[in-house]
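Per UniProt numbering, the sequence shown starts with residue 1, numbered consecutively.
By construction, the Cβ of each residue, glycine as well, lies at the ideal position given by its N, Cα and C atoms.
Please read all numbers here as calculations on a predicted model, not as lab measurements.
Structure first, commentary second.
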Amino acid sequence: MTEEREQTPDTPKVSVVVPTRDRHASLVRTLAALERQEGAPSFEVIVVDDGSEPPVESARLPRPPRLRVIRGSGQGPGSARNLGLAAARGEIVLFTDDDTIPAPQWIAAAYERLRKDPSAVGVEGPVRSAPFDALSEHSVLVERPGAHVTCNIGFRRSLLDRVGGFDQSFFAHCGYCHCEDLDLAFSVARFGPIVFEPEMVVEHPPRPMRYRERIRRARGARAEAILFARHPERFGRARHLPPRLFALVSACHHWLETLRRGDRAGKRPIRWLLRYALTAPAALAVAAWSLVRWPQRPRLAKRGGGPERLTELPVTGSPATARR
1 MTEEREQTPD
11 TPKVSVVVPT
21 RDRHASLVRT
31 LAALERQEGA
41 PSFEVIVVDD
51 GSEPPVESAR
61 LPRPPRLRVI
71 RGSGQGPGSA
81 RNLGLAAARG
91 EIVLFTDDDT
101 IPAPQWIAAA
111 YERLRKDPSA
121 VGVEGPVRSA
131 PFDALSEHSV
141 LVERPGAHVT
151 CNIGFRRSLL
161 DRVGGFDQSF
171 FAHCGYCHCE
181 DLDLAFSVAR
191 FGPIVFEPEM
201 VVEHPPRPMR
211 YRERIRRARG
221 ARAEAILFAR
231 HPERFGRARH
241 LPPRLFALVS
251 ACHHWLETLR
261 RGDRAGKRPI
271 RWLLRYALTA
281 PAALAVAAWS
291 LVRWPQRPRL
301 AKRGGGPERL
311 TELPVTGSPA
321 TARR
């Protein structure tokens with residue numbers, strides 16, 4: 001992934017990578033928003049179909065500039081994003097999801113921020129959702145630096161090549177996409193700051209998550225343990241905890257924060273407590289069981305996951321933090 005790419009007058013300055021699977025209607029809305037971008041430099045859009053049934057067909061989609069559809073391997077969003085990265089030609093690579101609505105100035109805001117700040121290695125922006133439901137699939141509202149979510153983030157291509165892209169092994173450990181975005185951002189941020197651009201906005205409409213899905217995702221505790229073991233410097237005084245214990249504490253904190261956000265969103269107390277009582281204990285039990293039964297030692301889970309990936313480079317110095 002580190003070979004030099006030929007630059008021509010037609011080479012776009014920005015590549016937008018959108019992984020997708022079985023979300024045709026929302027993908028159409030995302031691409032329509034990319035078609036309406038204002039003031040953007042030359043850009044391309046790469047949709048990676050990670051096993052949709054029926055397959056995504058470019059002829060039936062809105063046509064933002066230089067749209068390409070690539071067939072993925074069905075190995076999860078990290079693998080799909082890496083395929084999109086391998087095909088990307090822009091010097092800046094932006095990532096979003098197939099159910100977001102980027103603002104009209106999304107690309108322009110991201111590009112201009114990186115152009116004006118040569119020291120920055122990446123850029124992220126606000127993620128907004130309305131109406132807000134803290135138990136929906138997309139319950140993260142981003143209004144400040146440091147979230148590093150792949151529905152709204154971008155990096156300089158050279159740094160993505162240098163760290164090797166997304167680590168696909170997170171998907172293998174958890175069965176769904178979790179912590180890949182943070183792992184990549186933490187690795188890239190060793191080379192410089194990831195800045196926050198307030199005008200780089202995407203809307204992420206909530207979608208109700210079924211009870212079984214919320215419980216299944218509790219296995220993400222394994223990904224938390226790996227992330228903690230790789231980047232302990234990111235977790236302050238907690239860095240001295242064993243990775244599995246940290247992951248369990250993190251799961252407890254997540255559900256307490258979910259309850260707090262639900263109260264802030266004005267949910268009726270009885271309804272909320274009933275929903276929470278059905279979900280939190282079972283999810284925490286699944287998280288604990290998945291950690292106990294997990295044969296992998298988190299500290300031995302090296303960055304990797306694809307034949308084309310690079311070995312993580314040894315970098316000295318403390319990681320830079322996101323800044324405004």
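Cα-Cα separation between Ser-250 and Glu-112, rounded to whole angstroms = 36 Å
State the start and end residues of the unbroken alpha helix (DSSP H) segment that holds Asp-49.
-> Here Asp-49 belongs to no alpha helix (DSSP H); instead the beta strand (DSSP E) covers 43-49.
Based on Cα-Cα distance, which residue from Pro-104, His-24, Pro-19 and Arg-23 lies nearest to Gly-84?
-> Just measuring C-alpha positions, the residue of Pro-104, His-24, Pro-19 and Arg-23 sitting nearest Gly-84 is Pro-19.
In angstroms with no decimal places, state the Cα-to-Cα distance between Asp-167 and Ala-229.
-> The alpha-carbon separation between Asp-167 and Ala-229 amounts to approximately 14 Å.
Helix or strand or just coil, what does DSSP make of Thr-30?
-> helix
Express the C-alpha separation of Phe-170 and Asp-181 in angstroms, rounding to a whole number.
-> 10 Å
Whose CA, out of Ala-185, Leu-160, Ala-40 and Gly-165, lies closest to the CA of Met-200?
-> For the residues Ala-185, Leu-160, Ala-40 and Gly-165, the minimum Cα distance to Met-200 belongs to Ala-40.
Tell me whether Leu-94 is buried or exposed, calling it buried when 16 or more other Cβ atoms sit within 10 Å of its Cβ.
-> buried
Could you tell me whether the stretch 28-36 touches the stretch 52-66, using the rule of 3 or more Cβ pairs below 8 Å?
-> yes
Quick one: is Asp-10 buried, meaning 16 or more other Cβ sit within 10 Å of its Cβ, or exposed?
-> Exposed, since its Cβ has fewer than 16 Cβ neighbours within 10 Å.
Going by alpha carbons, who is nearest to His-178 out of Ala-247, Ser-158, Ile-101 and Glu-91?
-> Ala-247
Range of the contiguous beta strand (DSSP E) that encloses Val-69 = 67-71
Starting from the C-beta of Ser-187, find all residues in its chain whose C-beta is less than 6 Å away, skip the five residues before and the five after it, and write them out in chain order.
-> Val-163
DSSP state of Gly-122 mapped onto helix, strand, coil | strand
Measure the C-alpha to C-alpha separation of Gln-37 and Arg-244 and round it to an integer number of angstroms.
-> 44 Å
Do the CB positions of Glu-197 and Gly-125 come within less than 8 Å of each other?
-> yes
What three-state label does DSSP hand Phe-191 in the structure shown?
-> helix
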